[in-house]
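For the protein sequence lines, the chains are A and B, in the order given. Reminder that position 86 of the first sequence reads as 85 in numbering that gives the first Met the number 0, one-by-one numbering, no gaps. Reminder that position 94 of the second sequence reads as 93 in numbering that gives the first Met the number 0, one-by-one numbering, no gaps. By construction, the Cβ of each residue, glycine as well, lies at the ideal position given by its N, Cα and C atoms. Just so it is clear, the structure is predicted and the values come from calculations on it, not from any experiment.
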Amino acid sequence: MNRTVFFGALTVAGLAAVAASAGTLDDVKARGKLNCGVSTGLVGFAAPDASGRWGGFDVTICRAVAAAVLGDAEAVEFVPTTGKTRFTALASGEVDLLARNTTWTLSRDVDLKFDFVGVNYYDGQGFMVPKALGVSSAKELDGATVCIQTGTTTELNLADFFRSNNMSYEPVPIETNAEAQQQYLAGACDTLTTDASGLAATRAAFENPDDHIVLPEIVSKEPLGPLVRHGDNEWGDIVRWTLNALVSAEELGITSANLAELSGGTDNPEINRILGTEGNMGEMLGLDADWAARAIAVGGNYAEVFETNIGENTPIGLSRGLNALWTDGGLIYSPPFR
Amino acid sequence: MADNNTNPIAYMRETPLPQLDPPASEAGLGHWVRQNLFSSVLNTVLTLAAFVSLYFIFTSTVPWFVNGVWQSESIRGCREVLEGATGGCFAVLTERWNQLLFGFTYSDDQYWRPTLAFALLFVAIAPVLFVALPRKMLYFTLLYPLLAFYLIWGGSIYATISTGLGFVVGYLVYSRFVASSFALGLIGGVVAAFVTWWLGGFVVDAIAPATPFLEEIPSRKMGGFMLNMILGVVCVSLSLPLGIALALGRQSRLPIIRIICVVFIEFVRGVPLITLLFVANVILGYFLPPDTNFDLILRVIIMITMFSAAYIAEVIRGGLAALPTGQYEAGDSLGLDYAQSMRLIILPQALKISIPGIVNVAVGLFKDTTLVSVISMFDLVGMIRGPILASTEWNGVYWELFMAAAVLFFVVCYGISQYSQWLERKLATDHR
């Protein structure tokens, strides 16, 4: 009897959850705020500043979606999530969108029932060594001691890389990134390995960053992107095409500086279609005509967002690398707005 | 002989000799040093080793404090000022002190509210801690929870008043019926309180002004050390009565009450606190309907209170068990009923015995509130590990931040511990 009631309650709760998530767009509009899951703090990607305002590479995606849907880049409720709580927060409907450096993998896409709408940063595992070690390639690291965070995919990638290159290594297992930083500086290991963006941010925080180099080899694929719940394709489309709009804007030369001028109409039909002066792209998405213009106005196009938050002129100093446009030899590519 | 009798002693000193100083080898600093530091070869070696290590500790830490940079924009600014010298980057504390204390979403122009609530906490708690103070101050203590709630969360004052009214009505009903039966009084009081809150809800909705005098601040904006204080104070003060009830319930002669209490205590004690916090944060999200606004702080308070109540119950059970059976029989022979004998004879003695244990649980609980940083709440440690260390300005400043956190926690915990020692001395009636 009790068990029946229990499962009954579960079913009702489950149905209610499905019913509510059927129209995320309507929910967001009714609420007047976008609930966006971000990291509790990751240098350059998501962190609040001294006055408590969120900023960063991932945060700009949230703001762009809010601007496209609600017309206000500030209408975002940032829900900080840890690596442990992020997926439940999205699955339970606490957030509408998760933009939190999440690697797109098959199991997350299929088994956890999420939809990755694209990739906003192509990351990969790299190695950092002190310059004094005199190593210029990861292939010269035979016999090295390696500081590595336990229980992560980086641990497995590391084993694969050394095995396939017939090299040996000695792991120094470490719990957190902060600890890794300290251990590495204290000389507990020859090399520190984690995602390349993380290495760059770590290196930027060092007292003498020039004494350390990040080796050119990238030994794993870590495509990071925003994700939404599986099963609400209209909402997924909006997030996907907001991201694509930022990329296309870079490709077509739409910047925050010339946005107002180009919104008046241009000779390039694709620019006109994105900015809503031609066609009915916004209507197809269930939004108004200048949704993309508002999204681009938040932080500029993809290149501008990159440069402001994590680019070479910031303390983090990441180069575009794989994240250059496809026309510049990178992987960033948007399907056409047509 | 007679002569001898008149003047038996040739010479008698009438004034005592002035005291000589002890020999130089047995007095003064030199003696103390020899006695305590260099009395044997082994002690000499140990003393020298201790001095060498003290020297290294001081020479490495003192410049770090003295050279510390207190004004800077970022860690890179600190390094420019220091120019390679050793020195702490305390600028992070001057720059982000407000975030460490209040979290990063609490608006600055409202900081006075939690600060005032904190100051009033001492006024409210003083008559409870020190019996010498006038008993009339206890009225303020009773009022304080509502006042603090109104100050920190704000919103309509009518909601706070209605909450207080519920307690008053509940108490009146309780005192009306308690003479005939304790159970009737208790149940009647609880029901009356809930009815008042339910009715009050409608009235408040009807008369609440659109813009309340104190702006309403949602729970998710609470953070920093304020969050630790809220959780610590609320959970300790709630878990003490709950723990007493559980301890008494565990000794009850009524099997249902006893079984419920035993199962509760054993279950909660057998589960790590972090698991309960994850349940509060993550699992409940699946069971509650979407958009249910079940306040996260409230969920966490319930879980931590349950956890510490189970521990306090066991501590108090130890106190109860330490009393000789004669005390229980004394209560019975005086014709007191259960509630009276507990209140007047058993509990005062049992609680006195339990003070060290209860304080131990309270201090541990206060420090355990930092665990909420794992479920993405920004308490003091959460603020440091998350937003502050992840900002491009302060990534890499560890020692300064965690030392500041350690100092804040140490001050509070040491204060609690000193109070409890004072209380033990005051209540010492064991004629040792």
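Contact with chain B by residue i, beta-carbon distance below 8 angstroms
i                      : result
residue 42 of chain A  : yes
residue 39 of chain A  : yes
residue 91 of chain A  : yes
residue 60 of chain A  : no
residue 79 of chain A  : yes
residue 315 of chain A : yes
residue 87 of chain A  : yes
residue 206 of chain A : yes
residue 51 of chain A  : yes
residue 129 of chain A : no
residue 334 of chain A : no
residue 46 of chain A  : yes
Spatial neighbours of residue i in its chain, beta-carbon cut-off 7 angstroms, leaving aside the 5 residues before and after
i                      : result
residue 189 of chain B : 169
residue 236 of chain A : 284
residue 237 of chain B : 304
residue 293 of chain A : 66, 67, 70
residue 212 of chain B : 156
residue 246 of chain B : 312, 315, 316, 319
residue 55 of chain A  : 43, 44, 45, 46, 308
residue 132 of chain B : 125, 126
residue 13 of chain A  : Unreliable positioning characterises residue 13 of chain A in this predicted model, as indicated by a pLDDT of 45, which lies under 50. The coordinate reading is nonetheless provided below. Here the set comprises nothing.
residue 139 of chain B : 122, 123
Cβ neighbours of residue i in the same chain (closer than 6 angstroms, five flanking residues each side left out)
i                      : result
residue 297 of chain A : 62, 63, 66, 72
residue 169 of chain A : 144
residue 207 of chain A : none
residue 248 of chain A : 295, 300
Under the three-state DSSP convention, the category residue i falls into
i                      : result
residue 260 of chain A : helix
residue 127 of chain A : strand
residue 172 of chain A : strand
residue 322 of chain A : helix
residue 53 of chain A  : strand
residue 62 of chain B  : helix
residue 283 of chain B : helix
residue 146 of chain A : strand
residue 164 of chain A : coil
residue 159 of chain A : helix
Same chain, Cβ closer than 8 angstroms to residue i, neighbours up to 5 away in sequence not counted
i                      : result
residue 98 of chain B  : 222, 223, 382, 386, 387
residue 361 of chain A : Residue 361 of chain A falls outside the range modelled here, since chain A spans only 0 to 337, and no answer is possible.
residue 295 of chain B : 218, 219, 279, 280, 376
residue 54 of chain B  : none
residue 142 of chain A : 166, 167, 168, 169
residue 269 of chain A : 247, 251, 335, 336, 337
Chain A contact for residue i (CB, 8 angstroms cutoff)
i                      : result
residue 78 of chain B  : yes
residue 435 of chain B : Given that chain B is displayed from residue 0 to residue 431, the structure contains no residue 435 of chain B and the question cannot be resolved.
residue 67 of chain B  : no
residue 271 of chain B : no
residue 209 of chain B : no
residue 386 of chain B : yes
residue 285 of chain B : yes
residue 94 of chain B  : yes
residue 180 of chain B : no
residue 280 of chain B : yes
residue 374 of chain B : yes
residue 86 of chain B  : no
residue 59 of chain B  : no
residue 359 of chain B : no
Inter-residue CB distance, residue i and residue j (contact presumed, cutoff 8 angstroms)
i                      : j                      : result
residue 120 of chain A : residue 223 of chain A : 5 angstroms
residue 84 of chain A  : residue 281 of chain B : 6 angstroms
residue 85 of chain B  : residue 63 of chain B  : 5 angstroms
residue 389 of chain B : residue 213 of chain A : Actually they do not touch by this definition, with Cβ atoms about 20 angstroms apart.
residue 399 of chain B : residue 89 of chain B  : 5 angstroms
query: Are at least three pairs of beta-carbons, each pair with one atom in the stretch 308 to 325 of chain B and one in the stretch 202 to 216 of chain B, less than 8 angstroms apart?
result: With the cut-off at 8 angstroms, the stretch 308 to 325 of chain B and the stretch 202 to 216 of chain B do not touch.
- prompt: Does the pairing of the stretch 31 to 42 of chain A with the stretch 90 to 102 of chain A give three or more beta-carbon distances under 8 angstroms?
  reply: Yes, the stretch 31 to 42 of chain A is in contact with the stretch 90 to 102 of chain A.
- request: Examine the Cβ distances between the stretch 190 to 204 of chain B and the stretch 224 to 243 of chain B and report whether three or more of them are shorter than 8 angstroms.
  value: Taking one beta carbon from each stretch, the stretch 190 to 204 of chain B and the stretch 224 to 243 of chain B have fewer than 3 pairs nearer than 8 angstroms; the two do not touch.
query: Is the stretch 244 to 260 of chain B touching the stretch 173 to 188 of chain B, taking contact as three or more C-beta pairs under 8 angstroms?
result: The stretch 244 to 260 of chain B vs the stretch 173 to 188 of chain B: no contact.
- prompt: Is the stretch 286 to 303 of chain A in contact with the stretch 18 to 26 of chain B, if contact means three or more CB pairs nearer than 8 angstroms?
  reply: Here the stretch 286 to 303 of chain A makes no contact with the stretch 18 to 26 of chain B; the two share fewer than three CB pairs at distances below 8 angstroms.
query: How about the stretch 127 to 138 of chain A and the stretch 102 to 116 of chain A: do they share at least three Cβ pairs that are nearer than 8 angstroms?
result: In short, these stretches do not touch, since the Cβ pair count stays below three.
message: Using 8 angstroms as the cut-off, can you tell me whether the stretch 401 to 414 of chain B makes contact with the stretch 336 to 350 of chain B, which would need three or more C-beta pairs spanning the two stretches below that distance?
response: No, the stretch 401 to 414 of chain B does not touch the stretch 336 to 350 of chain B.
message: Contact between the stretch 115 to 129 of chain A and the stretch 256 to 268 of chain A is defined here as three or more beta-carbon pairs at a separation below 8 angstroms; is this criterion met?
response: Taking 8 angstroms as the limit for Cβ pairs, the verdict is that the stretch 256 to 268 of chain A does not touch the stretch 115 to 129 of chain A.
Segment contact flag, the stretch 149 to 160 of chain A with the stretch 191 to 202 of chain A, C-beta cutoff 8 angstroms, min 3 pairs: In short, these stretches touch, since the Cβ pair count reaches three.
task: Flag this pair as touching only if the stretch 71 to 80 of chain B and the stretch 97 to 115 of chain B have three or more C-beta atom pairs under 8 angstroms; answer yes or no.
output: Two segments are said to touch when three or more pairs of C-beta atoms, one from each, lie closer than 8 angstroms; by this definition the stretch 71 to 80 of chain B does not touch the stretch 97 to 115 of chain B.
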